[in-house]
Ligand SMILES: NC(=O)c1ccc[n+]([C@@H]2O[C@H](COP(=O)([O-])OP(=O)(O)OC[C@H]3O[C@@H](n4cnc5c(N)ncnc54)[C@H](OP(=O)(O)O)[C@@H]3O)[C@@H](O)[C@H]2O)c1
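Numbering (this note's numbering), first residue to last: 11 to 273.
Have a look at this one:
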């Protein structure tokens, strides 16, 4: 009988995913960490093995690539050890007006934020349902709750993540599987700098990745199905309940237009 739980964390080479790996290792989870930057993953793995005595396997996979999810799943099959918790965290958001967006950027967001996430979710949903236990945390966004001008494809991809995750949570609830949609607002990471952008939002609006992940793991343990961490994000996520959709969309558009600049 295996002694420790094991989590698969996508996008573990930086930001929220790296913190998920750190926090889970500190709780005694063995890990599989994946992303494209293997040097980062290897350094993280060495640190976590030394600090917590857990097993950490590193798998390089480009999840935007058509073969990316299959490459990751076949590496796990070859390894032949069970996964108990899937964290679908890898994602990126290309900002800008849709008419100016290179089509390949829109497709890459769809391939990573939607397609790869769905394929991994479907794979482990079946494994966990058959086993009668397991968990999936899918990382959406505060942008999951309303249309996002100047971030239209990214926002729509995150609306998909929330909808998929909430529906699946209901399907899998009787089968002993927890599905949680984590919907963070602005969080410290490489999310913006990876695309040569930075946010001009005031510091108080930005959450640390550590606080975001700690709140998420607490919500996961409480079998929550959606978590919007932090009070300012919770308020934003409720706007669509009290204001007309068109007004909320306009408001979001004007906030986004003023909140970012090139590095
Ligand atoms: N930071 C925020 O303000 C914020 C707010 C709401 C939601 N989120 C969501 O949080 C999640 C984590 O983002 P983050 O903020 O931690 O940003 P980040 O620091 O840029 O991390 C993104 C992670 O995704 C991985 N990734 C990107 N493209 C990939 C690909 N093609 N294949 C495999 N892995 C890929 C990156 O690794 P490699 O580059 O090494 O592949 C990296 O580990 C994302 O889903 C994002 O949409 C972030």
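Ideal Cβ placement from N, Cα and C applies to all residues, glycine included. These numbers come from a predicted model, not from an experiment.
Residue environment, residue i, which counts as buried when at least 16 other CB atoms sit within 10 Å
i           : result
residue 132 : exposed
residue 226 : buried
residue 10  : It is not possible to answer for residue 10, since the shown part of the chain is limited to 11 through 273.
residue 184 : exposed
residue 267 : exposed
residue 247 : buried
residue 127 : buried
residue 51  : buried
residue 69  : buried
residue 27  : buried
residue 56  : exposed
Sequence-distant residues of the same chain with beta carbon closer than 7 Å to residue i, five excluded per side
i           : result
residue 188 : 145, 230, 233
residue 31  : 19, 22, 41, 43, 54, 58
residue 169 : 154
residue 124 : 167, 170
residue 110 : none
residue 206 : 272, 273
Close Cβ partners of residue i (< 6 Å) along its chain, the five nearest in sequence each way excluded
i           : result
residue 220 : 29
residue 39  : 15, 17
residue 116 : 163
Sequence-distant residues of the same chain with beta carbon closer than 8 Å to residue i, five excluded per side
i          : result
residue 64 : 14, 35, 38, 39, 40, 41, 58
residue 89 : 42, 67
Proximity test, residue i beta-carbon vs ligand 1 heavy atom, cut-off 6 Å
i           : result
residue 194 : yes
residue 102 : yes
residue 26  : yes
residue 207 : no
residue 197 : yes
residue 72  : yes
residue 276 : Outside the shown range of the chain, which is 11 to 273, sits residue 276, and nothing can be said about it.
residue 47  : yes
residue 122 : yes
residue 23  : yes
residue 220 : no
residue 114 : no
residue 201 : yes
residue 99  : yes
residue 85  : no
residue 204 : yes
Whole-number beta carbon distance between residue j and residue i, since they are thought to touch under 8 Å
i           : j           : result
residue 157 : residue 165 : 6 Å
residue 84  : residue 199 : With 8 Å as the limit, residue 84 and residue 199 do not qualify as a contact, their Cβ atoms being about 29 Å apart.
residue 172 : residue 193 : 6 Å
residue 108 : residue 162 : 5 Å
residue 152 : residue 195 : 4 Å
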